[in-house]
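Residue numbers (this note's numbering), protein chains in the order written: chain A, 39 to 389; chain B, 39 to 389. Even for Gly, the Cβ is constructed at its ideal location relative to N, Cα and C. Model, not experiment: these values are computed from the prediction. Just below is one structure, and these are the notes that go with it.
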DNA sequence: GTACCCTCTTGTTTACTAAACAATTCTCAT
DNA sequence: ATGAGAATTGTTTAGTAAACAAGAGGGTAC
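Structure follows, in structure tokens:
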């Protein structure tokens, strides 16, 4: 440790490689033997070289993960948790740091932008939708760094996004119920600000329309916000009417959980009196009583794909914005039974 | 030209570069100065070196483009022509040869496979859908070379595919007509074997269902095959009834052309008596009388994306199969007018 | 003190290579 | 004719030399 100033060229000399090789090691580019990399890292530590913190917080680049403030426990959330896990895993593989960033709906996105985070990050993924208005997206875009939406799309903006096949998911559950013979079907939908839930709803409606069915408005109650169990109030509303349906579609697993609670309280049996099916295939859905028939949305894969997409955008590839959609899959469990209820025009029971 | 045997090492010596460089030039890998490449190609020609024909027909790799036999003039076809143009352009950029291959529906795909084409090609794109049955796809997959579907998807098989946003396209036209006040809407759909047309149809139905509308079956005539003008017979069928709609949605531009012909023959004015809109935005659609309101499907971009996707699959990337969907856009022209027609029994607004 | 130009360093990129590797093909004693 | 070893092919990995861009420094003029 003489008077050698810590610079790339000096490290190169000390480690007996070329400056290029040192650079490649620091930026972990491919094509370096592990042992060489090891030696160079050692030399770097030895000479006390500080990797210059330009546009990133350490070595490698960083990507931002923008999530809603109100979903703070989002990492433990069953749906987004899986997505984030996939995202993080893939980030590690490609040598990115993931910088988590909250999003406060009351202040808009000014918060995020002002913190100067945008300067430190090569690209953003916006996970969880709803409160990302087109105006905010325009603001974010004005930073001219790549953005990828996850489980959200704003068609007017033509942004690259990664989605579950929500339309098909809705179509698939609905088809399933129709195939079982159900005709009197209720639908518990969600707030229209979530584009993914809207897509699911449209899938349901398309399937029903193909069977020349329309859901009566009284069987499509508006979602209520505030209640902890999302589908509970909606389901109650349906059950209070004179006639109730033979099957219910819940727009998400969580909604289904609330609805099941309401059905049980009302003294009806699932699936004998009312069949229920939903979309998400969260872990819990396999452990309800009865286990919930639902549609799998490959959450982990979506996280992986979101990072891959962002990576390519950062590399300047993928100049055509597209929706990247992962395949969904119907998971038949017990909440819809198997037999065809002979409901026809007359309800099997009345209120 | 002494006794130098034409081998990579000899070429390298003659051109005063390393064998590696020669290899890179032949396989057109990036990172070679154009002048150097030029010099090496000259030397190759000079010494009469034959690039060994392993797994490809010349230098660089090849990709197959599989299209239906009956659409032989597909290259000049307005829809697929654009896709193929994008595909070919991108192929050239990435150094692939495109091998065109017909697909005879009568013999199944045995033809393609037996010709040994599969051995010469690193991957396939299946353009144009309809007659690709799941069984054939399984056969193709058994070759274990990458496949990308264009404007077709088979959800059970989870294949990578590139699609227009057909669902949204259908949704958008329908919304447009609904926004103009139309409630009495007919729909000219296509054969269900074309998944893209099915998606468009579902988009239409979803939009209508959101407005609590169902299309009466007599306004959704079955498509007839055989007639040169696709929508002509279907439209006639509708016009022969006692009541006719105020608007017609055609599932494709071609269908719309036929329908317009039928409407004119019947002595009705477009858009005053009947509005018409469709999906495709083929070149001709701008030059009909009146110009056709339609939804643009970015065809060229789809071709580019299909090749990029195939390229990545060949590289062993993109292990998660996804639907890649390009954004569609409503193109408002004159075939729907602008005013709200006061025809039919429905007022402009319902309370 | 500060504005300006020139040089020199620092990180970065491009274009290329040495050497090892794998798969044939060739050679030659048996 | 045959099978072991040697040689020759194309291919891949792990690098490097040299050019380049953008600051940083440093001297000089005002």
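**OP:** Determine, using beta carbons only, whether residue 184 of chain B comes closer than 8 Å to chain A.
**Re:** Chain A contact via Cβ: absent.
**OP:** Apply the 10 Å Cβ neighbour rule to residue 45 of chain A and answer buried if 16 or more other Cβ atoms are within range, or exposed otherwise.
**Re:** Exposed.
Original post:
Helix, strand or coil for residue 273 of chain B per DSSP?
Top reply: Shown here, residue 273 of chain B sits in a helix according to DSSP, grouped into three states.
Subject >> residue 247 of chain A versus residue 328 of chain A: straight-line alpha-carbon distance, rounded >> reply: If you draw a straight line from the Cα of residue 247 of chain A to the Cα of residue 328 of chain A, it comes to about 29 Å.
Subject >> Close-in-space but distant-in-sequence residues of the same chain around residue 253 of chain B (CB under 6 Å, 5 per side omitted) >> reply: Cβ neighbours of residue 253 of chain B beyond the five flanking positions: 225.
**OP:** Going by CA-CA distance only, name the one from A:119, A:75, A:300 that's closest to residue 269 of chain A.
**Re:** When only C-alpha atoms are compared, the closest one is A:300.
Original post:
Any Cβ of chain B within less than 8 Å of the Cβ of residue 125 of chain A?
Top reply: Residue 125 of chain A does not count as touching chain B.
**OP:** Compare the C-beta of residue 291 of chain A with all C-beta atoms of chain B and state if any pair is closer than 8 Å.
**Re:** Answer no: the Cβ-Cβ gap between residue 291 of chain A and chain B never drops below 8 Å.
Original post:
Which of helix, strand or coil does DSSP assign to residue 255 of chain A?
Top reply: Of the three classes helix, strand and coil, the one that applies to residue 255 of chain A here is helix, per DSSP.
Subject >> Cβ separation of residue 239 of chain A and residue 208 of chain A, assumed to be a contact under 8 Å, to the nearest whole Å >> reply: Rounded, the Cβ-Cβ distance is 6 Å, consistent with contact.
Original post:
Which class does residue 89 of chain A belong to by DSSP, given the choice of helix, strand or coil?
Top reply: Three-state DSSP puts residue 89 of chain A in coil, outside helix and strand.
**OP:** Jot down the residue ranges of each uninterrupted alpha helix (DSSP H) in the stretch 301-381 of chain B, minimum 4 residues, whole runs only, in chain order.
**Re:** The stretch 301-381 of chain B contains these whole alpha helix (DSSP H) runs: 337-352.
Original post:
Considering only C-alpha positions, which residue in the set B:204, B:308, B:198, B:219 is nearest to residue 364 of chain B?
Top reply: Among B:204, B:308, B:198, B:219, the Cα nearest to that of residue 364 of chain B is on B:204.
Original post:
Using 8 Å as the limit for Cβ to Cβ distance, is residue 339 of chain A near chain B?
Top reply: The beta carbon of residue 339 of chain A falls within 8 Å of a beta carbon belonging to chain B, placing the residue at that interface.
Original post:
Would residue 207 of chain B count as contacting chain A if we go by Cβ distances under 8 Å?
Top reply: It does not; no Cβ of chain A falls within 8 Å.
Original post:
Expressed to the nearest angstrom, what Euclidean distance is found between the alpha-carbon atoms of residue 130 of chain B and residue 138 of chain B?
Top reply: Distance between the alpha carbons of residue 130 of chain B and residue 138 of chain B is about 14 Å.
Subject >> Cα-Cα separation between residue 177 of chain A and residue 335 of chain A, rounded to whole angstroms >> reply: Looking at the backbone, the Cα of residue 177 of chain A and that of residue 335 of chain A are separated by about 30 Å.
**OP:** Using three-state DSSP, classify residue 285 of chain A as helix, strand or coil.
**Re:** If DSSP states are grouped into helix, strand and coil, residue 285 of chain A belongs with the strands.
Subject >> First and last residue of the uninterrupted alpha helix (DSSP H) at residue 236 of chain A >> reply: Per DSSP, residue 236 of chain A belongs to the alpha helix (DSSP H) from 233-248.
**OP:** Tell me, to the nearest whole angstrom, how far the beta carbon of residue 308 of chain A is from that of residue 298 of chain A; I am working on the premise that it is less than 8 Å.
**Re:** Rounded, the Cβ-Cβ distance is 6 Å, consistent with contact.
**OP:** Pull up the CB-CB distance for residue 340 of chain B and residue 121 of chain B, whole angstroms please, since I reckon it's below 8 Å.
**Re:** With 8 Å as the limit, residue 340 of chain B and residue 121 of chain B qualify as a contact, their Cβ atoms being about 5 Å apart.
Original post:
Smallest Cα separation from residue 319 of chain A: which of A:293, A:71, A:57, A:136?
Top reply: Closest option to residue 319 of chain A, Cα to Cα, is A:293.
**OP:** Count the other CB atoms, across all protein chains shown, that sit within 10 Å of the CB of residue 173 of chain A; report buried if there are 16 or more and exposed otherwise.
**Re:** By the neighbour-count criterion, in which 16 or more other beta carbons inside 10 Å mark a residue as buried, residue 173 of chain A falls on the exposed side.
**OP:** Could you check the C-alpha separation between residue 101 of chain B and residue 70 of chain B for me, to the nearest Å?
**Re:** Approximately 24 Å, taken between the alpha carbons.
**OP:** Anything in chain B within Cβ reach of residue 252 of chain A, meaning under 7 Å, just list it in chain order.
**Re:** Taking a Cβ-Cβ threshold of 7 Å, the residues of chain B close to residue 252 of chain A are 247, 250, 252, in chain order.
Original post:
Between residue 271 of chain A and the rest of its own chain, which residues show a CB-CB distance below 6 Å, the 5 nearest in sequence each way excluded?
Top reply: Scanning its chain for C-beta atoms nearer than 6 Å, with the 5 sequence neighbours on each side dropped, one finds around residue 271 of chain A the residues 262, 265, in chain order.
Subject >> Extent of the continuous alpha helix (DSSP H) run through residue 216 of chain A >> reply: In the DSSP annotation of this structure, the continuous segment of the alpha helix (DSSP H) that includes residue 216 of chain A starts and ends at 204-217.
Subject >> Cβ pair count under 8 Å reaching 3, the stretch 354-370 of chain B against the stretch 352-371 of chain A >> reply: Three or more Cβ pairs closer than 8 Å define a contact, and the stretch 354-370 of chain B meets that threshold against the stretch 352-371 of chain A.
Original post:
For a contact meaning CB atoms closer than 7 Å, what does residue 196 of chain A contact in chain B?
Top reply: In chain order, 365 make up the part of chain B whose C-beta sits under 7 Å from the C-beta of residue 196 of chain A.
Original post:
What residue range is occupied by the uninterrupted beta strand (DSSP E) comprising residue 49 of chain A?
Top reply: Bounds of any beta strand (DSSP E) do not take in residue 49 of chain A; it lies within the alpha helix (DSSP H) bounded by 46-53.
Subject >> Coil, strand or helix - residue 197 of chain A by DSSP >> reply: Coil at residue 197 of chain A, not helix or strand.
Subject >> residue 105 of chain A - partner residues in DSSP beta bridges >> reply: For residue 105 of chain A, which the question treats as bridged, DSSP gives the partners A:140.
Original post:
Is the closest heavy atom of the ligand NAP to the C-beta of residue 163 of chain B under 7 Å?
Top reply: Ligands are entirely absent from the displayed structure, and the ligand NAP is therefore not among its contents.
Original post:
Out of curiosity, what's the CA-to-CA distance linking residue 127 of chain B and residue 136 of chain B?
Top reply: Each residue's alpha carbon lies about 10 Å from the other.
Original post:
What's the gap between the Cα of residue 260 of chain B and the Cα of residue 216 of chain A?
Top reply: If you draw a straight line from the Cα of residue 260 of chain B to the Cα of residue 216 of chain A, it comes to about 23 Å.
**OP:** Flag residue 203 of chain A as yes if its beta-carbon sits less than 8 Å from any beta-carbon of chain B, otherwise no.
**Re:** Residue 203 of chain A counts as touching chain B.
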